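Student: First residue of the sequence shown? That's 51 in our numbering, and the numbers climb one at a time after it.
Ideal placement from N, C-alpha and C gives every residue a C-beta, glycine not left out.
Computed from a predicted model, the values in this text were never measured in an experiment.
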Amino acid sequence: MSIKKGYTLVITEKPTAALRVARALDVNGKPKKLKLGSIPYFLSRNTKDIIVVSALGHLYTVTQEGKGRNFYPVFDYKWAPRHLVERNAGKIKDWIEAISKLSEGADEFINSCDYDVEGSLIGYTILKYACGGKEKHAKRMKFSTLTKRDLIEAYNNVS
51 MSIKKGYTLV ITEKPTAALR VARALDVNGK PKKLKLGSIP YFLSRNTKDI IVVSALGHLY
111 TVTQEGKGRN FYPVFDYKWA PRHLVERNAG KIKDWIEAIS KLSEGADEFI NSCDYDVEGS
171 LIGYTILKYA CGGKEKHAKR MKFSTLTKRD LIEAYNNVS
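(1) Is the beta carbon of residue 91 closer than 7 Å to that of residue 100?
(2) Closest by CA to residue 71, which one among 126, 104, 125?
(3) Can you find the residues in the same chain that come closer than 8 Å, C-beta to C-beta, to residue 106, ignoring five residues on each side of it along the sequence?
(4) Residues in its own chain within less than 8 Å of residue 207 by CB, not counting five upstream and five downstream?
(5) From which residue to which residue does the alpha helix (DSSP H) around residue 71 run?
(6) Mind listing, in chain order, the continuous alpha helix (DSSP H) runs of no fewer than 4 residues lying wholly within the region 105-188?
(7) I'd like to know if the region 172-186 and the region 77-92 are in contact, where contact means that at least 3 CB-CB pairs between them fall below 8 Å.
(8) Give me, in chain order, the residues of the same chain whose beta-carbon lies closer than 7 Å to that of residue 133; leave out the 5 immediate sequence neighbours on both sides.
(9) If the criterion is Cβ atoms closer than 7 Å, does the pair residue 202 and residue 67 meet it?
(10) Roughly how many whole angstroms lie between the Cα atoms of residue 186 and residue 196?
(11) On the three-state DSSP scale, how would you describe residue 190?
(12) Looking at the unbroken alpha helix (DSSP H) that takes in residue 198, where does it start and where does it end?
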């Protein structure tokens with residue numbers, strides 16, 4: 051299925067949240083489930099097309115820069131995709147690539163990860179690294195529960 055460019059990309063922290071957000075934002079409450087490779091995402095129809103895609107928690111982690119793994123103290127560090135740093139994080143690569151591909155057609159970005167420090171960090175690193183530096187232009191959905199009412203209100207009042 052071809053989706054026209056110019057949609058809003060909404061990023062959630064986990065797949066179950068993506069479905070709840072997509073349902074709440076779809077005018078009929080029935081978003082279309084699509085896949086990019088093996089990665090699911092949702093197309094919600096509203097006044098504008100909305101693509102909702104999830105992370106799998108942290109897609110990026112802090113790692114030591116240079117000098118090998120066991121050099122202490124660590125003064126130089128950087129953010130890196132988890133699949134490059136952790137042994138059992140291979141599927142993370144597919145999620146990062148899918149989010150990156152979906153970001154190419156978006157003209158608006160919304161961090162809809164949990165409204166806490168961890169969720170803010172997860173969304174920020176995805177927007178910065180997978181979406182090519184969109185963290186400065188992205189908006190933030192602020193909600194405390196995944197109820198339809200709270201999600202619609204958060205979407206209508208993004209900051």
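Tutor: A quick look at the data gives this:
(1) Contact flag unset, no.
(2) Closest option to residue 71, Cα to Cα, is 104.
(3) Excluding residues within five positions, the ones whose Cβ falls inside 8 Å are 64, 65, 141, 142, 145.
(4) Only residues of its own chain outside the window of five on either side were considered, and among them 192 have a CB closer than 8 Å to the CB of residue 207, listed in chain order.
(5) Note, residue 71: alpha helix (DSSP H), 65-75.
(6) Runs of the alpha helix (DSSP H) inside the region 105-188: 132-135, 142-153, 167-175.
(7) Taking a cut-off of 8 Å on C-beta distances, the region 172-186 does not touch the region 77-92, as fewer than three cross pairs fall below it.
(8) Counting only Cβ-Cβ distances below 7 Å, and skipping sequence neighbours, we find 139, 140, 142, 143.
(9) No. Outside cutoff.
(10) Each residue's Cα considered, the two are about 25 Å apart.
(11) Of the three classes helix, strand and coil, the one that applies to residue 190 here is strand, per DSSP.
(12) Residue 198: member of the alpha helix (DSSP H) spanning 198-206, first to last residue.
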